[in-house]
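Undergrad:
Residue numbers (the numbering used here): 1 to 119.
Structure representation (structure tokens):
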């Protein structure tokens with residue numbers, strides 16, 4: 001028996017398919033077809049960027065590995081300079097604030113554990 005099901009252009013684990021279609025989606029107003037179609041669209045949109053980011057990560061890691069082979073432990077200042085030169089470290093940017101909307105007060109303003117009481 002196969003452990004995956006073909007949905008559109010995706011191979012989906014049967015356990016994930018069952019969880020979503022039997023436990024998560026019911027009551028949300030989203031059909032299984034809508035969900036899988038939307039997920040496939042998101043994956044198709046983001047796959048090229050993801051591949052490029054993974055290639056960049058491999059490139060940086062190869063440079064870091066080569067630096068360590070050439071310099072051993074080296075010294076911290078030289079290592080930091082190297083990491084900055086290859087774009088692994090960037091200068092700290094200006095301060096910023098994150099603004100959110102529609103966050104429940106229990107999460108947004110009340111710190112600490114929350115009591116969950118079934119209704």
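In this text, a Cβ means the ideal position worked out from N, Cα and C, and glycines have one as well.
Nothing here was measured: the structure is a model prediction, and the numbers come from that model.
Given a cut-off of 8 Å, decide if residue 20 and residue 120 are closer than it, judged by their beta-carbon atoms.
TA: The structure shown does not extend to residue 120, since the chain is modelled only from 1 to 119, so the question has no answer here.
Undergrad: Excluding the 5 residues preceding and the 5 following residue 3 in the sequence, name in chain order all residues of the same chain whose CB lies nearer than 7 Å to its CB.
TA: 13, 14, listed in sequence order.
Undergrad: Measuring CB to CB, does residue 88 end up less than 8 Å from residue 60?
TA: Yes, Cβ-Cβ distance for residue 88 and residue 60 is below 8 Å.
Undergrad: Taking C-alpha atoms, which residue in 56, 24, 37 lies nearest to residue 86?
TA: Cα-wise, what sits closest to residue 86 is 56.
Undergrad: Can you give the Cα-Cα distance for residue 106 and residue 66, rounded to whole angstroms?
TA: Approximately 49 Å between the Cα atoms of the pair.
Undergrad: Helix, strand or coil for residue 110 per DSSP?
TA: Correct three-state label for residue 110: coil.
Undergrad: Can you tell which of 84, 112, 8 has its C-alpha closest to the C-alpha of residue 42?
TA: Of the candidates 84, 112, 8, the one whose C-alpha sits nearest the C-alpha of residue 42 is 8.
Undergrad: Could you tell me whether the Cβ atoms of residue 32 and residue 25 are closer together than 8 Å?
TA: Yes, these two residues count as a Cβ contact at 8 Å.
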